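Engineer: Chains as they are written, first to last, in the numbering used here: chain A, 1 to 119; chain B, 1001 to 1317.
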């Protein structure tokens, strides 16, 4: 699944579009603990989390992730403006959805994105 | 990111672009037996001002519109190219950078340069118009900006003469300033990438730097210093603070153990994986701490011989 296909998924809003839309997503990781993401997620992974602070972008940038999907986000205005601004400057693709992490992960899996511990 | 003035980018590109990237091909050629009136048509139809002369696959001369005009003036339309051509041909090599062509144009005042490959075969032709077009095309491509920065920085180890050159980056990390968390490690990662490090290596150092930075932000009394020492063959990270100190280092190294306060945990920090992540990413890790005095963390990353910094030609893909 290419990064740009995320923008087409229902119930997902693109906050910061991907710089490399045709890049293949190498896998998916879901966690709200940043150190776990630092330990496990790899380059090209899509990260699903309900954390909204700017550090999420810092982690995504350091690990060269494909992007971040922020879940349980009913009101986009509630996301820290600093997070969106940082995603822009660091060129990190940022998405938001009102759906829960579990639902989004299930949809990504059905679309063919593997977990990092799968093939 | 501050903008590089356009003129500097052009200068950099002239050194970075190879002649084979901007030359024209296939090359229009004539043979020594081609007649002058045929040459006139070839120049007219193709809208060019000169052609290389080739015989048995070898470059034997070059003939220009000037030579044609002289022949016209003397009414020698039936003469052959071989009789009127110039046998002294200034050429350039396909693998040279465009700056070589610029020098040749200036030195010899020719209008075009035939381009030869490493076997001396004619593979293309280059005019100053081709150079201009090539530069405009390259400038138009946004990604070149990062490539140029990488090109410039990666030469620091070669261009500065010493028995051993290293670069030291120091960052002061204030305590509890979460908004800035990750800035220093991001800068270290960019610096390494620009100095020519492979993305995988830069990422390893960045992860360790990030965890060290977070520890300074979350756990120290007054913040601390994060230092990256960049040598051609290794990188050393140092994180130092003046308190509170770690009472039990072995306990601190256990996965899941964290002394992070609750408000930090709500933000997803304090998973207790930080020191372990550092150990996992690095080649060597040394942690010293004394309660009431402070903590010193030293982390080493070794570069494989083939990836030594500064030892690589810039990537032009």
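Glycine included, each C-beta is placed from N, C-alpha and C at the ideal position.
All values reported here derive from a predicted model rather than from experimental measurement.
(1) Using a Cβ-Cβ cut-off of less than 8 angstroms, list which residues of the stretch 1217-1245 of chain B approach chain A; keep chain order.
(2) With a Cβ-Cβ cutoff of 9 angstroms, do residue 1197/B and residue 1307/B count as a contact?
(3) Report whether the distance from the Cβ of residue 1260/B to the nearest heavy atom of the ligand PLP is below 8 angstroms.
(4) If you draw a straight line from the alpha carbon of residue 1309/B to that of residue 102/A, how long is it in whole angstroms?
(5) Since residue 16/A meets chain B, which of its residues come closer than 9 angstroms, beta carbon to beta carbon?
(6) Of all the options 1034/B, 1127/B, 1250/B and 1230/B, which has the alpha carbon lying nearest to the alpha carbon of residue 1101/B?
(7) Could you tell me which of 100/A, 62/A and 81/A sits nearest to residue 71/A, measuring between CA atoms?
(8) Could you please give the first and the last residue of the uninterrupted alpha helix (DSSP H) stretch that includes residue 107/A?
(9) By the 10 Å Cβ neighbour count, where 16 or more other Cβ atoms means buried, how is residue 1315/B classified, buried or exposed?
(10) Can you find a CB in chain A that lies within less than 9 angstroms of the CB of residue 1277/B?
(11) At what residue ranges does the stretch 1046-1087 of chain B contain a whole run of the beta strand (DSSP E), taking only runs of 3 or more?
(12) Would you mind telling me which residues of chain A sit closer than 8 angstroms to residue 1210/B, beta carbon to beta carbon, in chain order?
(13) Would you kindly work out how many angstroms separate the C-alpha atoms of residue 1201/B and residue 1067/B, rounded to a whole number?
(14) If the cut-off is 7 angstroms on Cβ atoms, which residues from the stretch 1254-1267 of chain B count as contacting chain A, listed in chain order?
(15) Assuming contact is defined by CB atoms lying nearer than 9 angstroms, are residue 1194/B and residue 1153/B in contact in what I supplied?
(16) Could you work out which residue in 108/A, 53/A and 69/A is closest to residue 1265/B when comparing CA atoms only?
(17) Which residues share a DSSP beta bridge with residue 1172/B?
(18) Would you mind giving the Cβ-Cβ distance between residue 1208/B and residue 1237/B, rounded to the nearest angstrom? I have them listed as a contact below 8 angstroms.
(19) With distances taken between CB atoms, is the gap from residue 1187/B to residue 1167/B smaller than 9 angstroms?
(20) Let's see if you can read the secondary structure: which residues bound the beta strand (DSSP E) around residue 45/A?
(21) What is the DSSP secondary structure of residue 1034/B, counted as helix, strand or coil?
(22) I want to see whether chain B comes within less than 9 angstroms of residue 90/A, judged by CB atoms only; does it?
(23) Using the Cβ count rule (16 or more neighbours within 10 Å means buried), how would you classify residue 1271/B?
(24) Give the interface partners of residue 11/A over in chain B, defined as CB-CB distance under 8 angstroms, in chain order.
(25) Inspect the CB distances between the stretch 102-115 of chain A and the stretch 25-32 of chain A and report whether three or more fall short of 8 angstroms.
(26) Using a C-beta cutoff of 9 angstroms, does residue 1207/B count as contacting chain E?
(27) Output the distance between the C-alpha atoms of residue 8/A and residue 95/A, rounded to the nearest integer angstrom.
(28) For a contact meaning CB atoms closer than 7 angstroms, what does residue 54/A contact in chain B?
(29) Is there a C-beta anywhere in chain A that falls below 9 angstroms from the one on residue 1174/B?
(30) Can you list, in chain order, the residues of its chain whose CB lies under 7 angstroms from that of residue 1172/B, leaving out five sequence neighbours each side?
(31) Quick one: what does DSSP say residue 1185/B is sitting in, helix, strand or coil?
(32) What residues in its chain sit with their C-beta under 7 angstroms from that of residue 1210/B, if we drop five residues either side in the sequence?
(33) Is there a Cβ of chain A sitting closer than 9 angstroms to that of residue 1273/B, yes or no?
Structural biologist: Put simply:
(1) Against chain A - using a Cβ distance shorter than 8 angstroms - the stretch 1217-1245 of chain B contributes no residues.
(2) Residue 1197/B sits at position 197 when you count from the first residue of the second chain. Residue 1307/B sits at position 307 when you count from the first residue of the second chain. For the 9 angstroms CB-CB criterion, residue 1197/B and residue 1307/B form a contact.
(3) Inclusion of the ligand PLP in the displayed structure is not the case, the ligand content being empty and no account of it being possible.
(4) Numbered from 1 along the second chain, position 309 holds the residue referred to as residue 1309/B. Numbered from 1 along the first chain, position 102 holds the residue referred to as residue 102/A. Whole-angstrom Cα-Cα distance: 43 angstroms.
(5) For the purposes of this step, residue 16/A is taken as the residue at position 16 of the first chain. In chain order: nothing, as chain B lies at least about 16 angstroms away.
(6) Residue 1101/B sits at position 101 when you count from the first residue of the second chain. Residue 1101/B has its Cα closest to that of 1127/B, out of 1034/B, 1127/B, 1250/B and 1230/B.
(7) Taking the first residue of the first chain as position 1, residue 71/A is located at position 71. Among 100/A, 62/A and 81/A, the Cα nearest to that of residue 71/A is on 100/A.
(8) Here residue 107/A refers to the residue found at position 107 of the first chain. Note, residue 107/A: alpha helix (DSSP H), 101-110.
(9) On the second chain, residue 1315/B is found 315 positions in, with the first residue counted as 1. The predicted position of residue 1315/B is uncertain, since its pLDDT is 39 and thus under 50; a value taken from the coordinates is nonetheless stated next. Burial call: exposed.
(10) Taking the first residue of the second chain as 1, we reach residue 1277/B at position 277. Yes, contact with chain A.
(11) 1050-1055 and 1058-1064
(12) Numbered from its first residue, the second chain carries residue 1210/B at position 210. Those are 38, 58, 59 and 62, listed as they occur along chain A.
(13) Position 201 of the second chain holds residue 1201/B. Position 67 of the second chain holds residue 1067/B. C-alpha separation (whole angstroms): 58 angstroms.
(14) Going along the stretch 1254-1267 of chain B in chain order, one finds 1267 with a Cβ nearer than 7 angstroms to chain A.
(15) On the second chain, position 194 is the one that residue 1194/B refers to. On the second chain, position 153 is the one that residue 1153/B refers to. Yes; because the gap between Cβ atoms is below 9 angstroms, this pair is in contact.
(16) The residue given as residue 1265/B occupies position 265 in the second chain. Nearest C-alpha to residue 1265/B: 53/A.
(17) Reading the second chain from its first residue, position 172 is the one you call residue 1172/B. According to DSSP, residue 1172/B bridges with 1225/B.
(18) Residue numbering aside, residue 1208/B sits at position 208 when the second chain is read from its first letter. Residue numbering aside, residue 1237/B sits at position 237 when the second chain is read from its first letter. About 6 angstroms separates the two Cβ atoms, so the contact holds.
(19) Numbered from its first residue, the second chain carries residue 1187/B at position 187. Numbered from its first residue, the second chain carries residue 1167/B at position 167. Inclusion of residue 1187/B and residue 1167/B in the CB contact set at 9 angstroms is not warranted, their separation being larger than that value.
(20) Indexing the first chain from 1 puts residue 45/A at position 45. 45-49 is the extent of the beta strand (DSSP E) around residue 45/A.
(21) The residue labelled residue 1034/B in the question sits at position 34 within the second chain. Coil.
(22) As a first step, residue 90/A must be located in the first chain, where it is residue number 90. Yes, residue 90/A lies at the interface with chain B (some Cβ there is under 9 angstroms from its Cβ).
(23) Taking the second chain and counting its residues from 1, one reaches residue 1271/B at position 271. Counting Cβ neighbours within 10 Å, residue 1271/B comes out buried, since at least 16 surround it.
(24) Numbered from its first residue, the first chain carries residue 11/A at position 11. By Cβ distance, chain B contributes nothing, its closest Cβ being about 23 angstroms from residue 11/A, past 8 angstroms.
(25) They touch, by the three-pair rule.
(26) The structure shown contains no chain E; its protein chains are A and B.
(27) Your numbering for residue 8/A matches position 8 in the first chain. Your numbering for residue 95/A matches position 95 in the first chain. Taking the straight line from one Cα to the other gives about 11 angstroms.
(28) Start at 1 with the first residue of the first chain, and residue 54/A comes out as number 54. 1179, listed in chain order.
(29) Position 174 of the second chain, counting from 1, holds the residue named residue 1174/B. Cβ-Cβ to chain A under 9 angstroms: no for residue 1174/B.
(30) For the purposes of this step, residue 1172/B is taken as the residue at position 172 of the second chain. The residues are 1223 and 1225.
(31) The residue given as residue 1185/B occupies position 185 in the second chain. Residue state, collapsed to three classes: helix.
(32) Taking the second chain and counting its residues from 1, one reaches residue 1210/B at position 210. So the list reads 1182 and 1185, once near-sequence residues are dropped.
(33) Taking the second chain and counting its residues from 1, the one referred to as residue 1273/B is at position 273. At least one CB atom of chain A sits nearer than 9 angstroms to the CB of residue 1273/B.
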